[in-house]
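Reading through the C-alpha cells given below for one structure.
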Amino acid sequence: MAKKSKPMNPFAGRWRIASMSAWDQDFIDEEEGGYIEFDQKDGGQFHFGCVHGDMDCRLTTRDGEPAVEWTWDGNDEMEPAQGRGWAVVKGDELHGMIFFHRGDESEFVAVKKVKKR
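Each residue of the sequence shown is one higher than the one before, starting from 25 at the first, in our numbering.
What follows is the structure, encoded as C-alpha cells:
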C-alpha cells in the first residue's frame with residue numbers, strides 16, 4: 025500500500041524570536057540569538073536564554089487556520105526541562121505560546137529568518 029504523502033510544512037525553517045511576554049530581549053539572546061526552528065517532518069528545536077528544547081511537532085488547525093503544536097524535552101540552565109507549545113502564522117510573523125511543565129509560560133512572536141544567498 026502506498027504511503028500517503030504529507031503536505032508541505034508552512035512553518036518549516038528558522039524563526040528569530042523577536043519578543044516574549046515573560047522575558048526581555050537581553051535574556052532571549054543571552055547565549056545566542058533566540059530562535060525556534062521547524063523541519064519538514066515532525067521535529068524542531070528552539071533556544072532562548074539558557075533554555076534549549078527538542079520538539080515533537082504536529083500540524084493542526086486553530087480557528088480554521090494552519091497551526092503547529094508540540095511537546096518538547098530539553099534543559100533550562102543545564103537542568104532537565106519539558107513542556108509544550110503551539111504557534112500560528114499571522115502575516116509574516118509566528119505567534120504562539122511556550123509552556124514549561126509545571127512552570128513558566130510565555131507568549132512569543134518570531135520572524136522568519138531569510139537565508140542569505
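For glycine and all other residues, C-beta sits at the position ideal for the given N, C-alpha and C.
What you are looking at is a predicted structure, and each value in this text was computed from that prediction instead of being measured.
Quick one: what does DSSP say Glu124 is sitting in, helix, strand or coil? One detail in the question is off: residue 124 reads as Phe in this sequence, not Glu. Phe124: strand per DSSP, three-state reduction.
Is Gly73 buried or exposed, if buried means 16 or more other CB atoms sit within 10 Å of its CB? buried
Three-state secondary structure assigned by DSSP to Asp50: helix
Expressed to the nearest angstrom, what Euclidean distance is found between the alpha-carbon atoms of Val135 and Arg126? 28 angstroms
Taking the straight line between their C-alpha atoms, what separation do you get for Asn33 and Phe62? 8 angstroms
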